[in-house]
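Peer 1: Here this note's numbering runs 24 ahead of the position in the sequence shown, where the first position is 1.
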Amino acid sequence: MTSEGLPDLRREPHPNPTPADERERVLADPGFGTHFTDHMFTMTWTEGRGWHDARLGPYGPITLSPAAAVLHYAQEIFEGMKAYRYPDGGIGLFRPEANARRLNISADRMAMPHLPEQWFIESIRELLSVDGDWVPAQEEASLYVRPYVFAAEQFLGVRPAKEYRYMVIASPAAAYFKGGPKPLTLWVSEDYNRAGPGGTGAAKAGGNYAASLLPQAEAIDHGCDQVVFLDAVEYKYVDELGGMNLFFVYENEQVLYTPQLGTILPGITRDAIFTLAAESGWEVRETKYSIDRWRNDAESGALTEAFACGTAAVITPVGTVKGRGGEFQIAGGEAGKFTMQLRQTILDIQHGRAADTHGWTMRVA
Ligand SMILES: *Cc1c(COP(=O)(O)O)cnc(C)c1O
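1. Taking 6 angstroms as the cut-off, does the CB of T293 come closer than this to any heavy atom belonging to ligand 1?
2. Check whether the Cβ of K228 lies closer than 6 angstroms to any heavy atom of ligand 1, and answer yes or no.
3. Leaving out five residues before and five after G114 in sequence, what residues of the same chain have Cβ atoms less than 6 angstroms from its Cβ?
4. Can you give me the Cβ contacts of D321 inside the same chain, cut-off strictly under 8 angstroms, excluding the 5 residues immediately before and after it?
5. Would you mind working out which of R189, Y233 and A197 sits nearest A107, comparing C-alpha positions?
6. For ligand 1, is there any heavy atom lying closer than 6 angstroms to the beta carbon of L254?
7. Give me, in chain order, the residues of the same chain whose beta-carbon lies closer than 7 angstroms to that of I86; leave out the 5 immediate sequence neighbours on both sides.
8. Using the three-state DSSP reduction, which class does N320 fall into: helix, strand or coil?
9. Can we count G57 as close to ligand 1, meaning its CB is less than 6 angstroms from some heavy atom?
10. Please classify V182 as buried or exposed, where buried requires at least 16 neighbouring CB atoms within 10 angstroms.
11. Got a sec, what are the start and stop residues for the alpha helix (DSSP H) A131 sits in?
12. Reducing DSSP to helix, strand and coil, say where E46 ends up.
13. Tell me where the beta strand (DSSP E) around Q162 begins and ends.
14. On a CA-only basis, which of Q240, T209 and P205 is nearest R218? Give me that one, please.
15. What residue range does the beta strand (DSSP E) around S236 cover?
16. Reducing DSSP to helix, strand and coil, say where Y97 ends up.
17. Exposed or buried, which one is K228 when buried takes at least 16 other CB atoms within 10 Å?
18. From I288 to V308, what does the alpha carbon distance come to, in whole angstroms?
19. In whole angstroms, give me the CA-to-CA distance for E150 and F65.
20. Just list the residues that DSSP pairs A92 with in beta bridges.
21. Taking the straight line between their C-alpha atoms, what separation do you get for G29 and F118?
22. Closest to R294 by CA distance: which of H59, M268 and G116 is it?
23. By how many angstroms is the C-alpha of R319 removed from the C-alpha of L208?
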């Protein structure tokens, strides 16, 4: 490889990878996040030396100092993407450069070093070159790819670490919903926020998820699927779910509303929806959107659909919203036509079933 390739790359194939029949058994019903492929990618960054020691090796436990900074101060960022099996048997990614760019935006906020974007892409290509057989072929199934960076320095002082580990692991994922998406019931958290102005809400950081677990548990206690967070200043405007962005559909005006960037995570699915909606003649308005407006417009029927979006569940209709003060439904709690069409359009591009007219897909095999 040239000097632009992954630094000091070593490839150490697994001595006894999963037998094909066992892998096929897992891929027939992979669930989510419990099975992992045979290999993983690791690379180290140290102050003064930068990134080095790229290694593609067997998936397995890692050694880490008990004093590693990530275990104490949560200096960690991650990405989430999927590898798709194309109809011709090839494998593709959806907008991986956008994930590479976002990882570095997250790195800036968490005072971590940048990872050159081509190395991000190369590391995923390396992993898929040995574990490509783990990409499932069933409709809507995929291989979930998880790149992440964490502070590995052994030091209990509070400051940005001087050593980091970058890793990529992969886990086969079933279709998120068996038999099509079921409209979500959301719980409006009135006691907790996900992120405030100047906080870390726009970074894809593990700590944001830690903070969302208690309100998410509260949502489950109230018989809901997911928590929806409001802004941290006025408790009035809708932010997002714990891990998905939100859109509001006004069919009569041909307008989509979505919360503006700032405290929310800038989703790549969200961004793709801007383009696809514009192409079919819709206007997208990024704006503050209040919970009162959501309720009023759902009740009047001006709001015709609402949906959540993200890599894991793609696009999912929102049917019911519950809070302390009561509940309301959107379009009788049913999945809407616009939502389901948009969902199919994105899925077809991601899985290589529709022509990619946007340069969004990257074939890796
Ligand atoms: C990852 C993530 C999303 C969705 O982003 P995509 O790029 O569309 O997968 C939305 N909200 C949060 C908090 C996230 O971490």
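Think of the CB as a built atom: it goes at the ideal place given N, C-alpha and C, for glycine as much as any other residue.
Peer 2: This is what the structure gives:
1. Yes, the Cβ of T293 comes within 6 angstroms of a heavy atom of ligand 1.
2. Flag set: Cβ of K228 near ligand 1.
3. The answer, listed in chain order, is R387 and A389.
4. The beta carbon of D321 sits closer than 8 angstroms to those of F272, Y274 and L327, all from its chain and outside the five residues before and after it, given in chain order.
5. Residue A197 is the option with its Cα nearest to A107.
6. Here the distance from the Cβ of L254 to the nearest heavy atom of ligand 1 is not below 6 angstroms.
7. Taking I86 as the centre and dropping the five residues before and after it, the same chain places no C-beta closer than 7 angstroms to its C-beta.
8. Of the three classes helix, strand and coil, the one that applies to N320 here is helix, per DSSP.
9. False, no ligand heavy atom lies under 6 angstroms from that Cβ.
10. V182 is exposed by the Cβ-count criterion.
11. For A131, the uninterrupted alpha helix (DSSP H) run begins and ends at P120 to R133, by DSSP.
12. Note: E46 maps to helix in three-state DSSP.
13. Annotation: Q162 is outside any beta strand (DSSP E) and is labelled neither H nor E by DSSP.
14. The shortest C-alpha separation from R218 is found at Q240.
15. Careful: S236 lies outside any beta strand (DSSP E), inside the alpha helix (DSSP H) at G230 to D245.
16. DSSP places Y97 in helix when its eight states are reduced to three.
17. Here K228 is buried. Its C-beta has 16 or more other C-beta atoms within 10 Å.
18. Distance between the alpha carbons of I288 and V308 is about 17 angstroms.
19. Rounded to whole angstroms, E150 to F65 spans 8 angstroms at the Cα level.
20. In DSSP, A92 forms a bridge with Q178.
21. Note on geometry: alpha-carbon atoms of G29 and F118 lie some 22 angstroms from one another.
22. Nearest option by C-alpha distance: M268.
23. Separation of L208 and R319 (C-alpha to C-alpha, rounded to the nearest whole angstrom) is 16 angstroms.
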